[in-house]
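Novice: First the structure, then my questions, so here it is.
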Amino acid sequence: MPDDVFRIAGEEGLTRHGLSLRLETPEDAPFLAALFASVRGPEFEGNGWPDAVRSAFLADQFRFQVAHYARFYADADFLIVQRQGFPIGRLYLHRGPGDHRIVDISLLPELRNQGIGGALLDMACAEASRLGRVVSLHVEKNNPAQRLYRRKGFTPAGENGPYWLMIRAPAQDMPAEAKG
């Protein structure tokens, strides 16, 4: 196994999608900035901003997000999701003493809605369940990924401005849809 491959309990489900995980490196910054823009950019299309202004705004927002994650989740695993050795997304997972927080799951647009996000969730939930920990995440109230989280057994546990806090209890059985 190459040194840059990251191992996590429950990752067997990733192999059916031809995926692997590795730790993020500084060299990933251009990919991560482009990934961020692909996720957040559509929110600002049609707002009348010139492309250069919108691009600069997204670059600033990306830098703010990086700084926020570094400050509040410094000991998280910042992972790059790869397919055939090429980066296709990211998974940021913070393993706290009481819960495993999914800080971020992002995939390139052309790879969304193919079961990859679900496989990443299944992996994180399987590891947390073995340890008796809750899995938590925040999702924007208008984010369509909310449907996936609900199918995977997450339930709203609170709200914070435009976000839902969703949790999945450790003893909860995986929904039949999630098992295979």
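Numbering (the UniProt record's numbering), first residue to last: 1 to 180.
C-beta atoms are modelled at their ideal positions from N, C-alpha and C, and glycine is treated no differently.
Note down the Cα distance separating S136 from G98, rounded to an integer number of angstroms.
Specialist: If I take the Cα positions, the gap works out to 10 angstroms.
Novice: Please give me, in chain order, every unbroken run of the alpha helix (DSSP H) with length at least 4 that falls completely inside the region 48–86.
Specialist: Fully enclosed alpha helix (DSSP H) runs of 4 or longer: 51–72.
Novice: Using C-beta distances below 7 angstroms, list every residue in its chain close to S129, excluding the 5 sequence neighbours before and after it, in chain order.
Specialist: Here the set comprises P170.
Novice: DSSP on G41, reduced to helix/strand/coil?
Specialist: Three-state result, G41: helix.
Novice: Buried or exposed: P2, going by 16 or more other Cβ atoms within 10 Å of its Cβ?
Specialist: Below a pLDDT of 50, predicted positions are generally treated as unreliable, and P2, at 43, falls in that range; no measurement from the model is reported.
Novice: Starting from A157, trace the beta strand (DSSP E) in both directions and tell me its first and last residue.
Specialist: Taken as a continuous stretch (DSSP letters only), the beta strand (DSSP E) holding A157 covers 155–160.
Novice: Can the beta-carbon of D122 be found closer than 8 angstroms to that of I80?
Specialist: For D122 and I80, no; Cβs fall outside 8 angstroms.
Novice: Counting C-beta neighbours from all protein chains within 10 Å, is the total for A176 16 or more, i.e. buried, or is it exposed?
Specialist: In this prediction, A176 has a pLDDT of 46, which is less than 50 and means its spatial position is unreliable; what the coordinates show is noted afterwards. Its Cβ having fewer than 16 others within 10 Å, A176 is exposed.
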